[in-house]
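Q:
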Amino acid sequence: MGKLVVITGLDGSGTSTVGDQLHFEDLGSSLLKSPPYPFSSNRHDIDEKLFHQSPTAHYLYYLASNVQLTEVINEKMAEHDNNIYCIRHYIDTVVSHRAKGVDVKYEYETELYSIRKPDYIFYLDVEEGERQMRLDARGRGFLDDQLNDEALRQRFVEEFDALESEFIRIQTTDRELADIIKEIQSYIK
4 MGKLVVITGL DGSGTSTVGD QLHFEDLGSS LLKSPPYPFS SNRHDIDEKL
54 FHQSPTAHYL YYLASNVQLT EVINEKMAEH DNNIYCIRHY IDTVVSHRAK
104 GVDVKYEYET ELYSIRKPDY IFYLDVEEGE RQMRLDARGR GFLDDQLNDE
154 ALRQRFVEEF DALESEFIRI QTTDRELADI IKEIQSYIK
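Under my numbering, residues 4 to 192 are what the sequence shown spells out, in order.
Listed below in structure tokens is the structure:
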């Protein structure tokens with residue numbers, strides 16, 4: 004049976020690179036990114052306009068994108084019995100909004116919504132100096148600039164740490180991509 008495998012971590016930790024490589028090496032698998040289309044098409048406007056002005060509205064936007072992502076995942080799971088790799092997921096929505104002071108619960112099932120719970124969540128951990136070098140090399144986006152605020156970045160890390168029982172931590176600092184992939188693959192059964 005196919006598994007839902009989420010790759011998460013701070014921007015610059017390698018989530019896209021690792022997710023792309025896992026998908027490439029797993030023939031027949033699918034690769035998704037959160038937020039999915041159509042949410043991804045206006046994500047930058049929402050981030051820039053609502054991130055500071057109304058963190059609660061920003062959270063609800065991303066919550067809705069996770070509910071819609073669940074529909075996409077369920078459709079893909081019904082079509083084939085292969086793994087789905089997802090770069091970012093509900094855990095990122097909760098962490099980022101808790102870090103901004105929004106009091107949200109980490110619940111996959113409520114009376115209002117149902118979000119598919121991942122079989123595995125891999126949190127890619129990277130030392131800050133290397134993360135900054137990676138961001139400089141690839142270019143920075145809105146959230147990258149927000150995480151230059153040391154206090155906010157520390158709150159992100161603390162919120163991820165508070166949910167550590169939900170994920171497997173993978174160190175990416177000074178490691179070859181092949182070694183990281185091999186370690187993650189060793190967990191997926």
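Where a beta carbon is used, it is the ideal one built from N, C-alpha and C, also for glycine.
(1) With contact counted as at least three CB pairs below 8 Å, one residue from each stretch, are the stretch 123-136 and the stretch 161-175 in contact?
(2) What residue ranges within the stretch 25-81 form continuous beta strand (DSSP E) runs of no fewer than 3 residues, ordered along the chain?
(3) Measuring straight from C-alpha to C-alpha, what distance separates GLU153 and MET4?
(4) Pick out whichever of PHE54, ILE90 and ASN77 has its Cα sitting closest to the Cα of GLY17.
(5) If we require 3 or more residues per run, which beta strand (DSSP E) segments fall completely within the stretch 126-191?
(6) Does the Cβ-Cβ distance between GLY22 and LEU138 come in under 9 Å?
(7) Distance, Cα to Cα, GLU162 vs ALA140?
(8) Would you tell me roughly how many angstroms separate the C-alpha atoms of VAL129 and ALA81, rounded to the nearest one?
(9) In this structure, what does DSSP give as the bridge partners for ALA107?
(10) What separation, rounded to the nearest whole angstrom, lies between the Cα atoms of HIS83 and HIS26?
(11) Would you report the Cα separation of PRO121 and GLN56, rounded to the nearest angstrom?
(12) Using only CA atoms, which one of ILE87, ASP48 and LYS103 lies nearest to VAL160?
(13) Whose C-alpha, out of GLY12, VAL8 and ASN69, is nearest the C-alpha of GLU131?
(14) Output yes or no for whether 9 Å exceeds the beta carbon distance between VAL75 and PRO41.
A: Taking the coordinates as given:
(1) Yes: at least three Cβ pairs fall under 8 Å.
(2) Given a length threshold of 3 residues, each whole run of the beta strand (DSSP E) inside the stretch 25-81 is given here in chain order: 33-36.
(3) Numbered from 1 along the sequence shown, position 150 holds the residue referred to as residue 153. Numbered from 1 along the sequence shown, position 1 holds the residue referred to as residue 4. Straight-line spacing of the CA atoms in GLU153 and MET4 works out to 42 Å.
(4) For this step, residue 17 is matched to residue 14 along the sequence shown. With distances taken between Cα atoms, GLY17 lies closest to ILE90.
(5) For the stretch 126-191, the continuous beta strand (DSSP E) assignments of 3+ residues that do not extend past its boundaries occur at 171-174, in sequence order.
(6) Residue 22 sits at position 19 when you count from the first residue of the sequence shown. Residue 138 sits at position 135 when you count from the first residue of the sequence shown. The Cβ-Cβ distance between GLY22 and LEU138 does not fall below 9 Å.
(7) Your numbering for residue 162 matches position 159 in the sequence shown. Your numbering for residue 140 matches position 137 in the sequence shown. Cα-Cα distance, rounded: 27 Å.
(8) Working through the sequence shown from its first residue, we reach residue 129 at position 126. Working through the sequence shown from its first residue, we reach residue 81 at position 78. One C-alpha to the other measures close to 35 Å.
(9) For the purposes of this step, residue 107 is identified with residue 104 of the sequence shown, where counting begins at 1. Ala is not the amino acid found at residue 107; the sequence shown has Val there. In DSSP, VAL107 forms no bridge with anything.
(10) Position 80 of the sequence shown, counted from the first residue, corresponds to residue 83. Position 23 of the sequence shown, counted from the first residue, corresponds to residue 26. Spanning the two alpha carbons is a distance of roughly 15 Å.
(11) Position 118 of the sequence shown, counted from the start, is the residue given in the question as residue 121. Position 53 of the sequence shown, counted from the start, is the residue given in the question as residue 56. Rounded to the nearest angstrom, the two C-alpha atoms are 31 Å apart.
(12) Start at 1 with the first residue of the sequence shown, and residue 160 comes out as number 157. Out of ILE87, ASP48 and LYS103, LYS103 has the C-alpha closest to the C-alpha of VAL160.
(13) The residue you call residue 131 lines up with position 128 of the sequence shown. Closest option to GLU131, Cα to Cα, is GLY12.
(14) Position 72 of the sequence shown, counted from the first residue, corresponds to residue 75. Position 38 of the sequence shown, counted from the first residue, corresponds to residue 41. Not a contact, by the Cβ cut-off of 9 Å.
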